[in-house]
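What follows is a short report on a single structure.
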Amino acid sequence: EAGVTQFPSHSVIEKGQTVTLRCDPISGHDNLYWYRRVMGKEIKFLLHFVKESKQDESGMPNNRFLAERTGGTYSTLKVQPAELEDSGVYFCASSKFSGAVNTQYFGPGTRLTVL
Amino acid sequence: KQEVTQIPAALSVPEGENLVLNCSFTDSAIYNLQWFRQDPGKGLTSLLLIQSSQREQTSGRLNASLDKSSGRSTLYIAASQPGDSATYLCAVVNSGGSNYKLTFGKGTLLTVNP
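Just so you know, the protein sequences line up as chains A and B, in that order. One point on numbering: in the working numbering, the residue at position 14 of the first sequence is 399, and numbering is uninterrupted. One point on numbering: in the working numbering, the residue at position 22 of the second sequence is 26, and numbering is uninterrupted.
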């Protein structure tokens with residue numbers, strides 16, 4: 386069974402440009418999460434999808450970030466326009482269940498550098 | 005607001021030692037607590053998940069305990085090996101919500117020297 390995959394693994398862009406990150410969850414996992422770690426800080430929650438619906442987007446930093454999950458399969462996270470403080474590692478995770486037994490399986494992350 | 009703290013931030017031990025990593029959280033109303041491992045440049049690998057009703061979980065040389073009332077968890081690694089070198093992260097899922105998001109600590113960087 387394939388794990389969570391993310392593309393690209395690295396992205397270097399200039400301030401003001403647009404970047405789109407992609408996440409493919411484990412097949413059959415309805416729950417999909419985006420997290421981010423900026424340098425020196427802990428990993429922080431961005432948002433949660435259940436199938437194609439946004440369950441919680443309270444962690445999204447501002448309206449420059451847009452996440453979608455059309456059809457309830459893969460998800461994209463777009464940053465437009467990117468700012469210097471958006472640099473960090475963006476992780477995607479998926480889980481089959483909700484509740485007490487909801488092991489989240491993480492992808493390798495996308496390292497975003499904004500110059 | 006839930007806050008997760010991991011102590012120590014870094015730990016270096018010789019091969020073969022038993023060691024304990026500590027995690028504390030401020031809000032005891034949790035669904036579960038998960039320990040992860042992260043290797044440099046890689047994603048997070050789930051090691052153990054302890055439900056709020058459980059006291060401990062074991063997997064091979066790893067044993068994680070949970071004391072929910074005091075807001076503490078420990079990860080015990082027996083007979084450490086150089087391959088155990090990684091960053092270990094503790095994360096909790098708060099109860100009372102519907103998104104089951106993880107709140108992470110900053111991690112403990114473990115180095116096991118041969």
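Where a beta carbon is used, it is the ideal one built from N, C-alpha and C, also for glycine.
Between residue i and the rest of its own chain, which residues show a CB-CB distance below 8 Å, the 5 nearest in sequence each way excluded?
{"i": "T498(A)", "result": "H395, S396, V397, I398, S472"}
{"i": "M424(A)", "result": "S472, G473"}
{"i": "N36(B)", "result": "L53, I54, Q55, S56, V96, V97"}
{"i": "S63(B)", "result": "L51, L52"}
{"i": "P86(B)", "result": "E19, V116, N117, P118"}
{"i": "A452(A)", "result": "W419, L431, L432, F434, K439, E442, M445, S460, T461, L462, K463"}
{"i": "R449(A)", "result": "V464, Q465, P466, A467, E468, D471"}
{"i": "L106(B)", "result": "Q38, A95, V96, V97"}
{"i": "F108(B)", "result": "V8, L93, C94, A95"}
Tell me residue i's beta-bridge partners as DSSP assigns them.
{"i": "D441(A)", "result": "H433(A)"}
{"i": "R41(B)", "result": "T49(B), Y92(B)"}
{"i": "Y418(A)", "result": "H433(A), A478(A)"}
{"i": "L68(B)", "result": "The question names Leu, but residue 68(B) is Ala in the sequence shown. DSSP lists Q61(B), L79(B) as partners of A68(B)."}
{"i": "R407(A)", "result": "F392(A), T461(A)"}
{"i": "N98(B)", "result": "I34(B)"}
{"i": "S74(B)", "result": "DSSP output for S74(B) lists no bridge partner at all."}
{"i": "T107(B)", "result": "V96(B)"}
DSSP three-state call for residue i: helix, strand or coil?
{"i": "L500(A)", "result": "coil"}
{"i": "P466(A)", "result": "coil"}
{"i": "G473(A)", "result": "strand"}
{"i": "T455(A)", "result": "helix"}
{"i": "P18(B)", "result": "strand"}
Spatial neighbours of residue i within its chain, please: CB distance less than 7 Å, with the 5 preceding and 5 following residues excluded, ordered by chain position.
{"i": "R65(B)", "result": "I81, A82, A83"}
{"i": "Y420(A)", "result": "I428, K429, F430, L431, F476, A478"}
{"i": "S73(B)", "result": "S32"}
{"i": "S89(B)", "result": "L114, T115, V116"}
{"i": "K5(B)", "result": "none"}
{"i": "S16(B)", "result": "T115, N117"}
{"i": "P393(A)", "result": "T495"}
Beta-carbon within less than 6 Å of residue i's beta-carbon, same chain only, minus the 5 sequence neighbours each way: which residues are those?
{"i": "D409(A)", "result": "T390, Y459"}
{"i": "E7(B)", "result": "T30"}
{"i": "L25(B)", "result": "L79, Y92, T112"}
{"i": "E21(B)", "result": "S84"}
{"i": "D415(A)", "result": "V435, K436"}
{"i": "Y104(B)", "result": "V97"}
{"i": "R422(A)", "result": "I428, G473, V474"}
{"i": "L48(B)", "result": "F40, Q42"}
{"i": "I11(B)", "result": "N26"}
{"i": "L500(A)", "result": "E399"}
{"i": "G457(A)", "result": "K436, E437"}
Legend entry - Sufficient close CB pairs (3 or more, under 8 Å) joining the region 42-61 of chain B to the region 76-95 of chain B: yes
Inset, instruction - Could you say if the region 400-418 of chain A and the region 464-479 of chain A meet the contact criterion of at least three C-beta pairs nearer than 8 Å? - result: With a cut-off of 8 Å on Cβ pairs, the region 400-418 of chain A is in contact with the region 464-479 of chain A, counting three or more such pairs.
Legend entry - Cβ pair count under 8 Å reaching 3, the region 441-455 of chain A against the region 487-496 of chain A: no
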